[in-house]
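Heads up, the thing below is written out as structure tokens.
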Amino acid sequence: QKEVEQDPGPLSVPEGAIVSLNCTYSNSAFQYFMWYRQYSRKGPELLMYTYSSGNKEDGRFTAQVDKSSKYISLFIRDSQPSDSATYLCAMGSNTGNQFYFGTGTSLTVIP
Amino acid sequence: SAVISQKPSRDICQRGTSLTIQCQVDSQVTMMFWYRQQPGQSLTLIATANQGSEATYESGFVIDKFPISRPNLTFSTLTVSNMSPEDSSIYLCSARRGSDTEAFFGQGTRLTVV
Chain A
1 QKEVEQDPGP LSVPEGAIVS LNCTYSNSAF QYFMWYRQYS RKGPELLMYT
51 YSSGNKEDGR FTAQVDKSSK YISLFIRDSQ PSDSATYLCA MGSNTGNQFY
101 FGTGTSLTVI P
Chain B
1001 SAVISQKPSR DICQRGTSLT IQCQVDSQVT MMFWYRQQPG QSLTLIATAN
1051 QGSEATYESG FVIDKFPISR PNLTFSTLTV SNMSPEDSSI YLCSARRGSD
1101 TEAFFGQGTR LTVV
């Protein structure tokens, strides 16, 4: 079983839609959770970083962590064509420096 | 945040040659890492670059193939040695300020071995 599971998509939505991206994980020691956005031919760009269960909001983005279910989500409200990218979840623990990444979900927002 | 500059951004190399990738961070960081990203796959950690000592390699990666240097707290290099087409991939430099902080990435080096 992989440490982190993420649906690769692709996901295609109309502009203005609410997007939900999800990851599950198996290691209960994970305490830090991140979402990255990666445009084609670019490095991953940090969107959200959280270390607790619950919701964290930043503009149109909301990160949700449910440690009891080992499930994290990223919601994008009022999606824009510029949100078209691959979204990677990542997580880590206090017991090591390594972060574990999902395979990424490819999102296309259609104007 | 940290701004990470990585170069070259891309290269096409001949089989059997070596390529050194440079990574410069705009401020001092505690940890620097090198990842490989192959199409449709997750990021795979190659090694942790340790300042002033030998890098710590993950399973499946060895120093002879991927020598790493980290002479100070802002700079690191990764060399891909004796390249083969299987080494064609995107190589990413990453940095963290501390053990409980997020990771930032460079823009990546797209390597093609022919």
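From first to last, the protein sequence lines are chains A and B.
Position 103 of the first sequence, counting from 1, maps to 103 under the working numbering, and the rest follow consecutively.
With the second sequence counted from 1, adding 1000 to any position gets you the working numbering.
Positions of the beta carbon are idealized from the N, C-alpha and C atoms, including for glycine.
Computed from a prediction, not measured in an experiment: that's the story for all the values here.
Under 8 Å between C-beta atoms of residue i and residue j
i: A/Ile72; j: A/Phe33; result: yes
i: B/Arg1110; j: B/Arg1036; result: no
i: A/Glu15; j: A/Ser79; result: yes
i: B/Thr1074; j: B/Val1025; result: yes
i: B/Cys1023; j: B/Ser1076; result: yes
i: A/Leu11; j: A/Leu107; result: yes
i: A/Ser93; j: A/Val109; result: no
Distance, residue j Cα to residue i Cα
i: B/Ser1051; j: B/Leu1078; result: One point to set straight first is that residue 1051 of chain B is Gln, not Ser, in the sequence displayed. Distance between the alpha carbons of B/Gln1051 and B/Leu1078: 13 Å.
i: A/Arg126; j: B/Glu1102; result: Residue 126 of chain A lies beyond the residue range present for chain A, which begins at 1 and ends at 111; the question has no answer from this structure.
i: B/Ala1049; j: A/Gly102; result: 23 Å
i: B/Asp1087; j: B/Pro1008; result: 16 Å
i: A/Leu46; j: B/Gln1107; result: 12 Å
i: A/Asp7; j: B/Cys1013; result: 33 Å
i: B/Val1080; j: A/Arg37; result: 26 Å
i: A/Cys89; j: B/Arg1015; result: 34 Å
i: B/Ser1094; j: A/Pro111; result: 33 Å
i: A/Ser28; j: A/Lys67; result: 8 Å
(message) Under 8 Å: do the region 1094-1101 of chain B and the region 1059-1069 of chain B share three or more Cβ pairs, one atom per stretch?
(response) No, the region 1094-1101 of chain B is not in contact with the region 1059-1069 of chain B.
(message) To be precise: take each residue of the region 1090-1107 of chain B, compare its Cβ to all Cβ atoms of chain A, and keep it if any distance is under 9 Å. Which residues remain?
(response) Ile1090, Leu1092, Cys1093, Ser1094, Arg1096, Ser1099, Asp1100, Thr1101, Glu1102, Ala1103, Phe1104, Phe1105, Gly1106 and Gln1107
(request) Write down every uninterrupted run of the beta strand (DSSP E) in the region 15-55 of chain A whose length is 3 residues or greater and which is fully enclosed by it, in chain order. (result) The qualifying runs are 19-25, 32-38 and 45-50.
(message) Closer than 8 Å between beta carbons: that is the criterion. Which residues of the region 22-51 of chain A meet it against chain B?
(response) The region 22-51 of chain A vs chain B, Cβ under 8 Å: Tyr32, Met34, Tyr36, Arg41, Lys42, Gly43, Pro44, Glu45, Leu46, Tyr49 and Tyr51.
(request) Taking only beta carbons into account, state which residues of the region 1005-1036 of chain B come closer than 7 Å to chain A, listed in chain order. (result) Close to chain A, meaning a Cβ-Cβ distance shorter than 7 Å, are the following residues of the region 1005-1036 of chain B: Met1031.
(message) For a minimum of 3 consecutive residues, which ranges assigned as the beta strand (DSSP E) are wholly contained in the region 1058-1113 of chain B?
(response) 1075-1080, 1089-1096 and 1109-1113
(request) Scan the region 55-69 of chain A for residues whose Cβ lies nearer than 9 Å to a Cβ of chain B and list them as they occur along the chain. (result) So the list is empty, because no residue satisfies the distance condition.
(request) Output, in sequence order along the chain, the residues in the region 98-110 of chain A whose CB is closer than 9 Å to any CB in chain B. (result) Correct list: Gln98, Phe99, Tyr100, Phe101, Gly102, Thr103 and Gly104.
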